[in-house]
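Visitor:
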Amino acid sequence: MGDISIGEMGNVDDAVNLYNFLNHNSEENIEYGLFKYNKGTNVNYLIATQRQFDTMSKAFNYAMENNIGGYDNLIAFIHNHDGYGGSHVDVIGN
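Just so you know, the sequence shown maps onto residues 39 to 132 in this note's numbering.
1) Could you tell me which of Ile44, Leu72, His62 and Asp41 sits nearest to Val54, measuring between CA atoms?
2) Can you tell me where the beta strand (DSSP E) with Asn76 in it begins and where it stops?
3) On a CA-only basis, which of Glu65, Asn80, Tyr70 and Glu103 is nearest Met47? Give me that one, please.
4) Using the three-state DSSP reduction, which class does Glu65 fall into: helix, strand or coil?
5) What whole-angstrom Cβ distance do Phe91 and Ile113 have, given they're in contact under 8 Å?
6) Which word fits Phe59, buried or exposed, when buried means at least 16 other C-beta atoms lie within 10 angstroms of its C-beta?
7) Can you tell me the Cα-Cα spacing of Ile116 and Tyr109, whole angstroms?
8) I'd like to know whether the C-beta of Glu69 is nearer than 8 Å to at least one C-beta of chain D.
9) Taking the continuous beta strand (DSSP E) assigned at Tyr83, which residues delimit it?
10) With DSSP as the reference, label Ile106 as helix, strand or coil.
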């Protein structure tokens, strides 16, 4: 599996802008995830990738265990599907 990269920030605009930039300007089919989660009394944002086509399960699990602290802290999660999953929704769902 690919190497994991994670970035955390406290500003929603910065998080969304960076996520969109990465999604539109990286090699096609590289999957990214954007997490919104509670960190103490603050809401924080995290972007993760493992730089692989059509998957980020390793990065998701790493972020959940080491940065977010589990599902109790997770508020929202989105990820891009510009690879097989996004291109073949009629075959595998999305």
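Note that the Cβ used here is the ideal one computed from N, Cα and C, for glycine as well.
In this text, all values refer to a predicted model and were calculated from it rather than measured experimentally.
Guide: In short:
1) If you number the sequence shown from 1, residue 54 lands on position 16. Out of Ile44, Leu72, His62 and Asp41, Leu72 has the C-alpha closest to the C-alpha of Val54.
2) As a position in the sequence shown, residue 76 is number 38, starting the count at 1. Per DSSP, Asn76 belongs to the beta strand (DSSP E) from Ile68 to Lys77.
3) Counted from its first residue, the sequence shown places residue 47 at position 9. It is Asn80 whose Cα lies nearest to the Cα of Met47.
4) To locate residue 65, count along the sequence shown from 1; it is residue 27. Three-state result, Glu65: coil.
5) Numbered from 1 along the sequence shown, position 53 holds the residue referred to as residue 91. Numbered from 1 along the sequence shown, position 75 holds the residue referred to as residue 113. No, Phe91 and Ile113 are not in contact; Cβ-Cβ is about 28 Å, not under 8 Å.
6) Taking the sequence shown and counting its residues from 1, one reaches residue 59 at position 21. So Phe59 counts as exposed.
7) As a working note, residue 116 is residue 78 in the sequence shown. As a working note, residue 109 is residue 71 in the sequence shown. Looking at the two C-alpha atoms, the distance is approximately 14 Å.
8) Looking at the structure shown, chain D is missing, and only one protein chain is on hand.
9) Along the sequence shown, one-based indexing puts residue 83 at 45. Counting along the chain, the beta strand (DSSP E) containing Tyr83 begins and ends at Asn80 to Phe91.
10) Counting from one through the sequence shown, the residue named residue 106 turns up at place 68. Ile106 falls in the helix class under three-state DSSP.
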